[in-house]
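Structure first, commentary second.
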Amino acid sequence: MADSQSTGMPMLPPPVNPSDRGRGPLIMGLTWTFSSLCVIIVAVRFWVRIAVTKLVSVEDWLMLTAVILNLACQSCLTVAYHWGFGKHDGDLTFNQLVKISKWCQTILDIAKEAGVKEVVASTTLGVSQLDVNVRVYPGSFMEKHMINKKSLETAVEDRGFEHFTFLRPTFYMANFLEPKVSRYAEVRDKRSWTTSMTPDTQLPIIDHVDIAKFAVAAFQDPGAFHGRAIGLASEQMGIQDMLDLLAEAAGQPGSIRAIFMTDEEIEAQANMSGFSNSHKVLRTASDYVNMDELRSITPLTSFKEFLEREKEAVKRTYH
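Under this note's numbering, the first residue of the sequence shown is numbered 858, with each subsequent residue one higher.
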């Protein structure tokens, strides 16, 4: 069995819920269903071409090639599922993390040998906090999440690409919408959010579209972004202010409330698997984001603008 010394990875806490497959079964079910349909449709097409029209064209062979390539891709996804594809970081076993790390390093090696000169990697703001030894509960989801993302950054640095940039996003705005809201089901189901953040916390939140904007900016000017690790956010907001905007967008003003845990309650739940205690580290997340610098790079999306853009998803989630 692999250990941290033989893999070069730092010591990791045990998995929170290793039996939880996350979104893996859903992904496998959908992709294999559509792959099977592709095989059936193309098989019927070839039967018609050969038995009825007696004419097989170039387009048919191209479709067959596409199906074969799709099945090869599907096979790779299935192997990835076996090694944790679709699971949360905190639920991955050590062996799964080792395998993921090796795949990542293999991909980077292939990219390097192929002549790739620039890498832009999206990790997490937690790496900035890990770098300055911000306290994280041992064994928590957040600790494993940070360590896993840090190992990715280290792998990129070790390959010696001509240019590399790390984008470190914070809390996704999309976490409040399907399908990501399943991680924060209390917000959807009970119209409340129990959190270890405080009423004074200014939480940096990020629109996933803005992450793409920063990636494009880095690729367009690799020299200016080389070696930088940029904490990303689209806006910083108080927790209750954020929930009020969400409730208003759902057509239910004032219906979602924040429940702030006391330090005693947080300590009592330190070894539990939920996100509420792990989020204590987010109290200081705003210290690692420079909003003025971010605005100088690209226009940012406010939470209100995000909710307006995603209004159909808001309705589906909070119907």
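Glycine included, each C-beta is placed from N, C-alpha and C at the ideal position. These figures come from a predicted structure and were not determined experimentally.
Return the CA-CA distance between residue i and residue j, expressed in angstroms with no decimal places.
| i | j | result |
| --- | --- | --- |
| threonine 1051 | glutamate 1122 | 11 angstroms |
| threonine 981 | glycine 1095 | 20 angstroms |
| alanine 1042 | alanine 1104 | 15 angstroms |
| methionine 858 | glutamate 916 | Low per-residue confidence applies at methionine 858: pLDDT is 41, beneath 50, and the placement is therefore not dependable, though the value from the model is reported in the following sentence. Between methionine 858 and glutamate 916, the C-alpha separation is close to 49 angstroms. |
| glutamate 970 | lysine 959 | 16 angstroms |
| leucine 887 | glycine 1088 | 34 angstroms |
| threonine 1027 | serine 1091 | 9 angstroms |
| proline 1008 | tryptophan 918 | Just to set this straight, residue 1008 is serine in the shown sequence, not proline. Whole-angstrom Cα-Cα distance: 43 angstroms. |
| proline 867 | phenylalanine 951 | With a pLDDT of 46 at proline 867, under the threshold of 50, the modelled position of this residue cannot be trusted; read the value that follows with caution. About 11 angstroms. |
| arginine 1025 | valine 984 | 8 angstroms |
| lysine 911 | alanine 900 | 15 angstroms |
| phenylalanine 1160 | valine 913 | 54 angstroms |
| glutamine 953 | alanine 908 | 48 angstroms |
| serine 932 | leucine 894 | 16 angstroms |
| methionine 1099 | glycine 881 | 30 angstroms |
| threonine 1022 | phenylalanine 903 | 48 angstroms |
| aspartate 948 | leucine 965 | 25 angstroms |
| arginine 1140 | alanine 1081 | 30 angstroms |
| phenylalanine 1163 | aspartate 1046 | 21 angstroms |
| alanine 1074 | valine 905 | 50 angstroms |
| methionine 920 | leucine 926 | 10 angstroms |
| arginine 1085 | isoleucine 884 | 34 angstroms |
| tyrosine 1029 | glutamate 1165 | 16 angstroms |
| valine 1171 | leucine 1102 | 11 angstroms |
| alanine 1142 | glutamine 1093 | 10 angstroms |
| proline 1061 | aspartate 988 | 18 angstroms |
| histidine 1083 | asparagine 990 | 24 angstroms |
| glutamine 1059 | isoleucine 967 | 41 angstroms |
| histidine 1176 | alanine 1106 | 11 angstroms |
| valine 924 | arginine 1048 | 45 angstroms |
| glycine 943 | histidine 1002 | 14 angstroms |
| valine 896 | asparagine 874 | 36 angstroms |
| cysteine 961 | aspartate 1015 | 12 angstroms |
| phenylalanine 1117 | threonine 1055 | 6 angstroms |
Would you decide whether residue i is buried or exposed? Buried here means 16 or more other CB atoms lie within 10 Å of its CB.
| i | result |
| --- | --- |
| glutamine 1077 | exposed |
| glycine 865 | In this prediction, glycine 865 has a pLDDT of 43, which is less than 50 and means its spatial position is unreliable; nothing more can be read from the coordinates. |
| glycine 1111 | exposed |
| glutamine 1109 | exposed |
| histidine 939 | exposed |
| aspartate 1067 | buried |
| glutamate 1000 | buried |
| aspartate 1057 | exposed |
| threonine 1158 | buried |
| phenylalanine 1071 | buried |
| serine 876 | exposed |
| asparagine 1147 | exposed |
| asparagine 1005 | buried |
| glycine 811 | This structure cannot speak to residue 811, because the chain is shown only from 858 to 1176. |
| histidine 1136 | buried |
| lysine 956 | buried |
| serine 1153 | exposed |
| phenylalanine 891 | exposed |
| alanine 978 | buried |
| serine 1053 | buried |
| lysine 1168 | exposed |
| arginine 1173 | exposed |
| alanine 1125 | exposed |
Run through the DSSP bridge pairs and tell me what residue i is partnered with.
| i | result |
| --- | --- |
| glutamine 1059 | Gly1095 |
| threonine 1052 | Phe1117 |
Looking at the unbroken beta strand (DSSP E) that takes in residue i, where does it start and where does it end?
| i | result |
| --- | --- |
| alanine 1086 | 1086-1089 |
How far does the alpha helix (DSSP H) with residue i in it extend, from its first residue to its last?
| i | result |
| --- | --- |
| glutamate 975 | Looking at the DSSP string, glutamate 975 is not in any alpha helix (DSSP H); the run it does join, the beta strand (DSSP E), is 975-979. |
| histidine 939 | 915-939 |
| glutamate 1208 | Past the boundaries of the shown model lies residue 1208; the chain is included only from 858 to 1176, so the question cannot be answered. |
| glycine 1080 | 1079-1082 |
| arginine 1045 | 1042-1046 |
| asparagine 952 | 951-970 |
| serine 892 | 881-904 |
| serine 1153 | 1148-1154 |
| serine 985 | 983-988 |
With a threshold of 8 angstroms (Cβ to nearest heavy atom), would residue i be considered close to the ligand NAD?
| i | result |
| --- | --- |
| isoleucine 925 | Absence of the ligand NAD from the depicted structure is noted, as is the absence of any ligand whatsoever, leaving it without description. |
Every unbroken alpha helix (DSSP H) inside the stretch 993-1029 [4 residues or more]
998-1015
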